Structures are given as structure tokens and as C-alpha cells.
Amino acid sequence: MKKSLIMAILFSGLASAPVAAAAPYISLSGGIGLPGEWKETNYSTDKLNSGIVLSGAVGYSGRNTRFEGALGYQQHNWTIPTNNDSVSFLTMMANGYYGRNGESGFSPYVMAGAGFTRANASWSIRSNTNFVWQVGAGFGVKLDEKFTIDVGYRYFKPEGLECPEEGNSVNWKSHNILAGIRYML
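In terms of my numbering, the sequence shown is residues 17 to 201.
Take a look at the structure:
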């Protein structure tokens, strides 16, 4: 509950920032997710392999702020060599960014996001829908008036996960490193 309150305060602060000369954009990014341990209450702790992270977003960019709606996908396999089990997350997020637009075209930023994720395990036909949040930092490098390359880090944390078969609560997180391109419309 404390994390939800922190995210609400952060978003209200980002939302109160001026969005002068807002311009719409679309972005696509991809990268690697470095997962934490999959810790099931009263059961086991398992390790997952690094996995793919993909994201697409539509948003508005102002002088020092950006706001976007994003769809994402992330998948990780268990490390047991003879086991092809995997877990994937399909996300819908609202993200806010704050940063400085440098005259050189280099723009560092911090970001926060919140939304929902649909967690699916390969061994189960059931899935869970959970609250998810993320925080991160990165930078953009402007190529020209329309295109910007983005590189960033995101700490990704679903809340209230449960193992679909046993019903055990799961504590899990991922450290995501992404690179992408943003196009101003």
C-alpha cells in the first residue's frame, strides 16, 4: 500500500509540471530483463533467465516532461536446463518523465509508471491480472527534429502475484535495460 501512495504522489507531482508546447510522439523500444528470484511463499525460490522486454508507446512531450500510455511484453524462462517453463507479462502502463532538454541534444530523465500486467505461466491455462509499477532513469539523444534515440533503465515490480496452480503468493521483480527510438508526430 505504501508503494501505491508513493506512486500517486509522484504522478501528481509530474502531472502538475507545465506541459508547454506539447507535441505528440510514438516510440518503440526493446531490451533485456534481468530478473530477480521467483520467491513463492511457503514453497520455493527459483531462478529465471534473462529475457526479452518490448514496449510501444504513444504520448505527449513538453519542454521538460513527457506523458505516455504504453503496451509492453516481457518473458523469462526458468534456469532448469530440462525445463522449458516460462513466465510472461503483458503490461498496460501510464508513464511520466521529467528531464532537461540539453542544447547539445542530450537529455537525461527520470521516470515513473503504473498500470496493470497480465501474468501468464507456460504450465497453466490460468493467468493473473495485477498492479505493476516501475521507476527508472535514462537519456535521449536527439538525431534531428523528429527522431530521438532513448536508452534507459527501469525497475519493474508487479504486486500481488500468485503462482497460478498452487495459489502461493510470489515476490518478484526485474531490472530492465531498454533502447529505442522516439518519433515526434
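Virtual Cβ for every residue (Gly too), placed ideally from N, Cα, C.
Note that the structure is predicted; figures quoted are calculated from it, not measured.
Considering only 83, 200, 76, 71, the residue with the shortest C-alpha distance to residue 91 is 71. Take residue 138, set aside five residues on each side of it, and the residues of its chain with a beta-carbon closer than 6 Å to its own are 101, 102, in chain order. In the three-state DSSP reduction, residue 62 falls in the strand class (E or B).
Note: residue 180 is not bridge-paired with any residue in the DSSP secondary-structure output. Counting every other CB atom within 10 Å of its CB across the protein chains shown gives residue 121 a total below 16, marking it as exposed. In the structure shown, residue 166 adopts extended strand secondary structure according to DSSP, grouped into three states. C-alpha of residue 144 to C-alpha of residue 86: approximately 19 Å in a straight line. Taking a 10 Å sphere around the C-beta of residue 58, we find fewer than 16 other C-beta atoms and assign the residue as exposed.
Beyond the five residues adjoining it in sequence on each side, residue 93 comes within less than 6 Å, by CB distance, of 65, 102 in the same chain, given in chain order.
Rounded to whole angstroms, the gap between the alpha carbons of residue 174 and residue 152 is 15 Å.
A Cβ-Cβ contact shorter than 8 Å links residue 130 with residue 110.
The C-alpha of residue 192 is placed about 13 Å away from the C-alpha of residue 149. Assignment of beta strand (DSSP E) within the segment 40-108, counting only whole runs of 3 or more residues, yields 54-56, 67-77, 81-93 in chain order. The beta-carbon separation of residue 56 and residue 63, rounded to 13 Å, does not stay under the 8 Å limit for a contact.
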